[in-house]
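Contents: one structure, followed by commentary.
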Amino acid sequence: MKNKVTVAISIVIVAAVLVTLTFYVLGASFLGLPDYGIPAVALLIVAIAVLIVAMNYKNFRLGLPVKDERTKKIDAKACRYAFIATIWIALGTAMMEDYVTLPWRYNSYIIMLGSALVFLISYLILYYKGSA
Amino acid sequence: MRNRIRELRQKKGLTQERLAQLVQVRRETIVFLEQGRYNPSLELAWRVTRALKAKRIEDVFILEGTNR
Numbered sequence: 001m002k003n004k005v006t007v008a009i010s011i012v013i014v015a016a017v018l019v020t021l022t023f024y025v026l027g028a029s030f031l032g033l034p035d036y037g038i039p040a041v042a043l044l045i046v047a048i049a050v051l052i053v054a055m056n057y058k059n060f061r062l063g064l065p066v067k068d069e070r071t072k073k074i075d076a077k078a079c080r081y082a083f084i085a086t087i088w089i090a091l092g093t094a095m096m097e098d099y100v101t102l103p104w105r106y107n108s109y110i111i112m113l114g115s116a117l118v119f120l121i122s123y124l125i126l127y128y129k130g131s132a
Numbered sequence: 133m134r135n136r137i138r139e140l141r142q143k144k145g146l147t148q149e150r151l152a153q154l155v156q157v158r159r160e161t162i163v164f165l166e167q168g169r170y171n172p173s174l175e176l177a178w179r180v181t182r183a184l185k186a187k188r189i190e191d192v193f194i195l196e197g198t199n200r
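Those protein sequences? They're chains A and B, same order as listed. Going by my numbering, the first residue of the first sequence is number 1, and it counts up by one from there. Going by my numbering, the first residue of the second sequence is number 133, and it counts up by one from there.
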């Protein structure tokens, strides 16, 4: 039951992100590079998330747990990397303010997307590396 | 850490999927365990040992540099 809920929630989240992204792209005026970059990074994040959800679903269909001790360790490690990356990205964007002036919301986007990207890429690397 | 999971599993005629079901882990975890690319917790080592009907953990998992 818990596995079913986990898989269902992850599918709903991915679908919601895709819908939000579609509305964002449809409504965007596309004036500068960040306007293209943000949906592109978000799409990459969604693609990796879909891959992870698909792997979870495959295990779920076989009657196996969606999370086990290895994936829990991978989660924890990827979270740690994402946390450290968030601090460095925030620091980097603050330092870049002297050279590039971006609207404040772009800084938030960069921090959020950077954090998510680091989490998902770390997750995939750790997942395929074996030891976590 | 080396292990004899694949050898014992094949002797018992179990597939990786079936062993994963018995141990309640993802199939990939069994793959990585067999390849020696993941060191399990003591609890998981116990569950694998029991699923393979081995008598002791040392019969399945071998610490390299020791006789067993």
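Glycine included, C-beta positions come from ideal geometry on N, C-alpha and C.
In this model, Leu26 (chain A) and Ile45 (chain A) are separated by some 19 angstroms (Cα to Cα). Contacts with chain B (Cβ-Cβ distance below 9 angstroms) from the stretch 60-71 of chain A involve Leu62, Gly63, Leu64, Pro65, Val66, Lys67, Asp68, Glu69, Arg70 and Thr71, listed in chain order. According to the DSSP assignment, Tyr127 (chain A) belongs to the alpha helix (DSSP H) that extends over Trp104 to Lys129. Cβ neighbours of Gln148 (chain B) within its own chain (closer than 8 angstroms, five residues either side excluded): Arg141, Arg159, Ile162, Val163 and Glu166. A contact between stretches requires three or more CB pairs, one per stretch, nearer than 8 angstroms, and the stretch 112-128 of chain A meets this requirement with the stretch 68-81 of chain A. Under the DSSP definition of a beta bridge, Arg61 (chain A) lacks any partner.
The same chain holds no residue with a CB closer than 8 angstroms to that of Ile84 (chain A) once the five nearest residues on each side in sequence are set aside. DSSP places Asn3 (chain A) in the uninterrupted alpha helix (DSSP H) bounded by Lys2 to Gly27.
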